[in-house]
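Data first, discussion second: the structure below is written as C-alpha cells.
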Amino acid sequence: MDHQGRAPGADDDGSGAVAILEALRVLIQSNIRLKRSVEFHWYAGEEGGLLGSADIAQSYASRKTPVVVADLHLDMVGYPASPPAVGIVTDYTDNETNELVRQIVGAYTDLSTVDFTCGYACSDHASWHEFGIRSVLPFESQYLDYNSNIHTPADSYETVNFDHLLKYVNIALAFAIEVAGIE
C-alpha cells in the first residue's frame, strides 16, 4: 500500500461494491429468469496480492465441470475523468469479453470507451484470467491513476459521483443478462 493509516475507501473499492450490490438488488426485484446462474462476489485481500479472488478463482477452476462463463469485475467506478469514459483494461482480460462490454457501454450508457493497460495484475479480474476464465474490468475512467484520493483519507463518499456509478450498475445488469441469457 502507498498510504498507511485511515483510508475510507469510498471509491477504492466502495464504489464497485455498491454498484455490484445495486445490480444484484435490481436483478432480484426484476424477476427475470435467466438460463444460467449468476453469482455476485466481493473479495478481501486485493491490496495484499489479490488473495481473496485468487482463492475463489482457483477453487472454481479446479472443478471438472466449467462453472464460470465470464467474470465482470467492478473495482473503482465512482470518480470519472473529464471527459467521462469507461476505461477498458486490456491486460489480464480477453478480447471477446472486452468487446462485449464495449457494445454494452454503447447500448446502455452515454459514455464512450477507451482502452488502456494497467501494466500489472491491478485488480481481482486478473485472478480469473490467470485460471483461464474470461475476464473484463470496466474502469471508472480512461486513466488508472486519475483519482489521487485512493489510499488516502480523502477517499470519502463526498468524492463519489453516484450518477457515474449508476452507469456501471447498468453495465453489470446488461452483462449478466447477455452472458446468462433470458429464459
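For the sequence shown, my numbering gives the first residue as 1, with consecutive numbering after it. Glycine included, every Cβ here is placed at the ideal spot set by N, Cα and C.
- [ ] Output the boundary residues of the beta strand (DSSP E) element that contains L72.
- [x] 70 to 72
Task: For L34 and M1, the rounded distance between their alpha carbons - done: In this prediction, M1 scores a pLDDT of 44, lower than 50, which makes its location untrustworthy; no coordinate-derived value is stated.
Open item on the list: So that I know if they touch, is there some Cβ in chain D lying closer than 8 Å to that of V77?
Closed with: No chain D is present in this structure, which holds just one protein chain.
Open item on the list: What ranges does the beta strand (DSSP E) occupy inside the stretch 88 to 161, keeping only unbroken runs of at least 3 residues that lie completely in it?
Closed with: 112 to 116, 134 to 136
Open item on the list: Going by DSSP, what residue range makes up the alpha helix (DSSP H) through G16?
Closed with: 16 to 30
Open item on the list: Let me make sure I understand the geometry here. Which of E22, V136, E46, G132 has the alpha-carbon closest to that of S62?
Closed with: G132
Task: Cβ neighbours of D115 in the same chain (closer than 7 Å, five flanking residues each side left out) - done: I88, T90
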